[in-house]
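Asker:
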């Protein structure tokens, strides 16, 4: 990744859980509509992750990043701290971090909570000079958007001009859901593990991550070589990048074409395909 030449590098900080027993905190890289895990930590399922834990994990990423590359950190409301914003600024990173509705800000010469901001579904508002929390952190730009059909609006703190582009970039955060889905119910069935200790879950994750990266690489090779059409006959895309890689590997091992319904999950039908 030190030789990254594809423009801005978008990192996502996010977490998922295993059956309400452990939190898995990930730093991942946005790539082709999904994210690729870079580093992670397994923690007890107790409340939110603290700032020190987040920073320790982000520091592990530093040696992997291109020395002069443009880096943007994306995070949801669990990662809204002004301390994290300060860390990004000191490192020369940009950020798009979502704030909670109860966050106090100062804009237009008055203090108010974000949930009291006059914004309606379908509406966007942008502020370029906002102080965040009663500690007067900032000033930072703020992008606000209430997507029609959503329960709550987005309030996005950023270090660059707040605009429609801020919203488009933040949407990349949702690419991490595809990674979690690959690791869990649509892929490696991580949520069904009976392993309980953090150390062993961490080792299991290492195996899953390596397998995911390998399958994603095979899927990408399949796309670049024009072979995707051999697995997906219609214009509709049945396979994720990971599933396409698995389908390609199964064909190489068994000489079998894999129907699109056979790999929504690896745990049952997929397992039988590999065991022929």
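Residue numbers (this note's numbering): 2 to 277.
We treat Cβ as the ideally placed atom computed from N, Cα and C, and that holds for glycine.
1. Are the CB atoms of residue 30 and residue 58 within a distance shorter than 8 angstroms?
2. Specify the secondary structure class of residue 189 as computed by DSSP and reduced to three states.
3. Please state the DSSP three-state secondary structure of residue 45.
4. According to DSSP, what are the bridge partners of residue 240?
5. Provide the residue(s) that pair with residue 166 in DSSP beta bridges, ordered along the chain.
6. For residue 104 and residue 27, what's the separation of their Cα atoms in angstroms?
7. DSSP three-state call for residue 98: helix, strand or coil?
8. Would the beta-carbon of residue 180 fall within 8 angstroms of that of residue 35?
9. Which whole runs of the beta strand (DSSP E) in the stretch 120-153 are 3 residues long or more, in chain order?
10. From residue 85 to residue 248, what does the alpha carbon distance come to, in whole angstroms?
11. On the DSSP bridge list, what partners appear for residue 78?
12. If you check the beta carbons only, do residue 156 and residue 100 fall under 8 angstroms apart?
13. Using the rule of at least 16 other Cβ atoms within 10 Å of the residue's Cβ for burial, across every protein chain shown, is residue 90 buried or exposed?
14. Does residue 202 come out as helix, strand or coil in the three-state DSSP assignment?
15. Can you tell me whether residue 20 is buried or exposed? The criterion is at least 16 other CB atoms within 10 Å of its CB, across all chains shown.
16. On the premise that residue 192 lies in contact with residue 186, defined as a C-beta separation below 8 angstroms, what is that separation, rounded to the nearest angstrom?
17. What's the C-alpha gap between residue 150 and residue 121?
18. So, does the stretch 62-76 touch the stretch 218-231, judging by three or more C-beta pairs under 8 angstroms?
19. What does the alpha-carbon distance come out to for the pair residue 135 and residue 203?
20. Tell me the rounded alpha-carbon separation between residue 114 and residue 182.
21. Use the C-beta contact count for residue 13: other C-beta atoms within 10 angstroms, 16 or more gives buried, fewer gives exposed.
22. Since residue 30 sits in a beta bridge, which residues does DSSP pair it with?
23. Taking 8 angstroms as the cut-off, decide whether the C-beta atoms of residue 171 and residue 97 are in contact.
24. With distances taken from CA atoms, which of 40, 23 and 37 is nearest residue 281?
25. Check for me: the beta strand (DSSP E) holding residue 157 runs from which residue to which?
26. Given residue 16, which residues of its chain have a CB within under 8 angstroms of its CB, disregarding the five upstream and five downstream residues?
27. For residue 18, which residues in the same chain have their Cβ closer than 8 angstroms to its Cβ, ignoring the five residues on either side in sequence?
28. To the nearest angstrom, report how far apart residue 226 and residue 255 are at their CA atoms.
Answerer: Put simply:
1. no
2. coil
3. strand
4. None; residue 240 has no bridge partner.
5. Answer by DSSP bridge pairing: none, since residue 166 is not bridged.
6. 25 angstroms
7. strand
8. yes
9. 125-133 and 138-146
10. Their backbone Cα atoms lie some 40 angstroms apart in a straight line.
11. DSSP output for residue 78 lists no bridge partner at all.
12. A contact, by the Cβ cut-off of 8 angstroms.
13. exposed
14. helix
15. Flag for residue 20 reads exposed.
16. 7 angstroms
17. 11 angstroms
18. The stretch 62-76 vs the stretch 218-231: no contact.
19. Cα to Cα, residue 135 sits roughly 39 angstroms from residue 203.
20. 34 angstroms
21. When all chains shown are included, residue 13 counts as buried.
22. Its beta-bridge partners are 12 and 37.
23. yes
24. Outside the displayed span of the chain (2 to 277) sits residue 281, for which this structure offers no information.
25. For residue 157, the enclosing beta strand (DSSP E) begins and ends at 155-159.
26. 24, 25, 26, 27, 50 and 79
27. 24, 25 and 46
28. 20 angstroms
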